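The structure appears right after this line, and notes come after that.
There are 4 protein chains.
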Amino acid sequence: MADKEEISNRDKALFEAGIKLGALYHQFIGTPVSTETVEELEKTIERSVSLQPWISSVEVKIDREKVRKCEKKNKFEYCELSGEMLDVKVVVRYEAVEAHARVKYEAEMDYPFMRVEKVHASKK
Amino acid sequence: MADKEEISNRDKALFEAGIKLGALYHQFIGTPVSTETVEELEKTIERSVSLQPWISSVEVKIDREKVRKCEKKNKFEYCELSGEMLDVKVVVRYEAVEAHARVKYEAEMDYPFMRVEKVHASKK
Amino acid sequence: MADKEEISNRDKALFEAGIKLGALYHQFIGTPVSTETVEELEKTIERSVSLQPWISSVEVKIDREKVRKCEKKNKFEYCELSGEMLDVKVVVRYEAVEAHARVKYEAEMDYPFMRVEKVHASKK
Amino acid sequence: MADKEEISNRDKALFEAGIKLGALYHQFIGTPVSTETVEELEKTIERSVSLQPWISSVEVKIDREKVRKCEKKNKFEYCELSGEMLDVKVVVRYEAVEAHARVKYEAEMDYPFMRVEKVHASKK
């Protein structure tokens with residue numbers, strides 16, 4: 028039996044969820060942001076990621092407290108979007124499978140950890 | 028006389044204008060975009076660049092015709108923002124000097140050409 | 028039974044493979060490249076991606092013919108790394124599972140398609 | 028008198044120096060790096076930036092001490108290249124003018140400050 032046929036919809040849903048998180052992280056990290064633009068930037072990232080195939084939903088939260096802190100420290104009163112500020116949840120639906128994944132900074136690891144939160148058969 | 032003192036406000040205005048164009052180009056190229064999200068993406072780039080020091084104004088235009096074309100060709104009906112689609116004007120004011128610069132794709136060169144359009148004493 | 032426990036090593040291997048491809052694509056697209064620097068850039072991308080968790084191997088090929096063509100068209104004789112030029116294979120090992128994934132431009136789709144090529148129990 | 032003719036070679040040299048710093052910063056920030064790959068990454072950034080027009084020289088230094096520290100803190104023993112780690116000098120020659128510029132993190136500002144260090148008539 029060929030390897031290709033062994034790859035399930037579940038496999039593909041998880042693969043695609045990983046792609047989306049890796050992509051958005053490296054696309055948007057470094058973007059100038061402030062407390063005034065943070066909400067707009069969240070929406071733009073959400074809408075941009077939503078264009079990609081098999082995305083069912085995206086929710087982007089940028090930590091306002093961290094933005095505020097770095098604005099204050101920074102001479103020019105703005106920040107660069109960094110992994111520490113991000114909390115993003117994506118839901119990918121590939122055929123009958125739904126994968127829920129998330130990237131969120133974990134202070135103990137000093138790492139923007141990407142994890143699968145749930146995989147299940149899609150209700151639809 | 029030290030070199031440092033010889034650097035004028037005009038020099039700095041031009042340097043800063045270059046920084047802004049180089050930065051936004053390499054930050055936002057690759058962002059997923061479609062005819063539905065293009066306007067929002069323009070605004071987000073404008074607002075993000077406006078946070079940076081000495082920016083007086085930013086105007087971002089993404090070529091809708093090129094976005095439409097690549098949407099049609101692309102199996103998943105969206106595009107990546109590319110240099111060919113961009114036309115961005117920035118105005119930097121450094122003390123009494125205003126520098127107007129622009130990045131715009133030039134088909135003959137096959138290049139997103141960055142140029143200084145105008146430098147003058149600021150009216151204010 | 029909690030959802031969390033249902034996530035298998037196979038799921039995680041595929042998720043991680045997706046992360047790596049999404050990340051490298053959006054990190055390196057836009058990098059200036061020429062026929063003289065292409066080999067070095069391939070190695071740097073490989074070594075950089077190899078630092079990330081659970082990577083077993085990475086192989087980056089940048090299409091020299093496409094680099095040559097765009098060098099010739101471009102007034103300044105260099106290119107920006109684009110999705111069209113890339114062919115990258117990653118192997119992720121998560122515990123006893125190995126996932127092989129690849130991003131390669133598909134002309135018919137006009138898309139840098141990311142796919143799972145193989146998933147199997149690791150030999151080790 | 029037209030504005031266009033008033034733009035001097037000195038103006039252009041400074042503008043181009045700004046472009047280079049802004050571009051490389053936003054292109055390479057976020058790249059995975061470790062003490063083992065740091066030297067190679069420096070060379071690749073130098074060679075890549077050198078392809079761009081009017082570049083006379085580029086010198087990239089990534090702070091090994093900061094890389095070492097974040098490797099230790101990070102669960103997976105690698106870092107993302109960040110503005111804090113960078114010290115880059117570029118020399119742009121535009122016709123008879125040479126502009127020397129630098130981006131270097133300034134702790135007091137918490138900012139990767141970009142500055143013009145010197146502008147002078149080119150010796151050649």
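Residue numbers (this note's numbering), protein chains in the order written: chain A, 28 to 151; chain B, 28 to 151; chain C, 28 to 151; chain D, 28 to 151.
Yeah, the Cβ is synthetic: ideal placement off N, Cα and C, and Gly gets one too.
The model shown is predicted, which means the values in this text are computed figures rather than measured ones.
### Query
valine 143 of chain B versus chain D: which residues are under 8 Å apart at the beta carbon?
Ile34, Asp38, Lys39, Phe42
### Task
Helix, strand or coil for lysine 131 of chain D, going by three-state DSSP, please let me know.
strand
### Query
Along chain C, which residues have their Cβ under 9 Å away from the Cβ of methionine 136 of chain B?
Lys100, Asn101, Lys102, Phe103
### Query
Since serine 61 of chain B sits in a beta bridge, which residues does DSSP pair it with?
Answer is none; serine 61 of chain B lacks a bridge partner.
### Message
Just verifying my parser: in three-state terms, what is the DSSP assignment at lysine 116 of chain B?
### Response
strand
#### Entry: Nearest-angstrom Cβ-Cβ length linking glutamate 33 of chain C and valine 146 of chain A, presumed shorter than 8 Å
7 Å
### Query
Is DSSP giving phenylalanine 42 of chain C helix, strand or coil here?
helix
### Partners in chain B for glycine 57 of chain C, counting only beta-carbon separations shorter than 7 Å
His53, Ile56, Gly57
### Message
Helix, strand or coil, according to DSSP, for alanine 15 of chain B in the structure here?
### Response
For chain B, the structure presents residues 28 to 151; residue 15 of chain B sits outside this window and is missing.
### Under 7 Å (Cβ pairs) to chain C, residues found in the segment 77-100 of chain D
Leu78, Gln79, Pro80
### Query
What's the call for lysine 39 of chain B, buried or exposed, on a 16-neighbour Cβ count within 10 Å?
buried
### Query
Per the contact definition of three or more C-beta pairs closer than 8 Å, is the segment 45-54 of chain A in contact with the segment 97-107 of chain A?
no
#### Entry: Cβ neighbour criterion (16 or more within 10 Å) applied to lysine 47 of chain D
buried
### chain B within 9 Å of isoleucine 46 of chain D, Cβ atoms only
yes
### Query
From tryptophan 41 of chain C to lysine 116 of chain A, what distance separates their C-alpha atoms?
Before going on, a small fix: residue 41 of chain C reads as leucine here, not tryptophan. Taking the straight line from one Cα to the other gives about 18 Å.
### Task
Kindly indicate which three-state DSSP category glutamate 111 of chain C falls into: helix, strand or coil?
helix
### Task
Tell whether a beta-carbon distance below 9 Å holds between alanine 128 of chain D and glycine 45 of chain D.
yes
### Query
Alpha carbon to alpha carbon, how far is valine 85 of chain D from valine 76 of chain D?
7 Å
### Query
From the beta carbon of arginine 129 of chain D, is the nearest beta carbon of chain C less than 9 Å away?
no
#### Entry: CB contact check: glutamate 107 of chain D to chain A, cutoff 9 Å
yes
### Query
Cα-Cα, which of A:Gly57, A:Glu111, A:Lys93, A:Val143 is closest to glutamate 135 of chain A?
A:Glu111
### Query
Who are the neighbours of arginine 74 of chain D on chain C, taking C-beta pairs under 7 Å?
Thr64, Glu67
### Task
Please work out which residues of its chain come closer than 8 Å, Cβ to Cβ, to proline 80 of chain B, disregarding the five sequence neighbours upstream and downstream, and give them in chain order.
Glu43
### Query
So, is glutamate 125 of chain A buried or exposed, given that buried needs 16 or more other C-beta atoms within 10 angstroms?
buried
### Span of the beta strand (DSSP E), counted from its first residue to its last, around glutamate 104 of chain B
Segment: none, glutamate 104 of chain B is in no beta strand (DSSP E) and carries neither H nor E.
### Query
So with Cβ pairs under 9 Å, would you call methionine 112 of chain C a contact of chain A?
no
### Query
So, helix, strand or coil for isoleucine 82 of chain D, using DSSP?
strand
### Task
Could you tell me if aspartate 30 of chain C is buried or exposed, where buried requires 16 or more neighbouring beta carbons within 10 angstroms of its beta carbon?
With a pLDDT of 44 at aspartate 30 of chain C, under the threshold of 50, the predicted position of this residue should be treated as unreliable, though the coordinate-derived value follows. With fewer than 16 Cβ atoms within 10 Å of its Cβ, aspartate 30 of chain C is classed as exposed.
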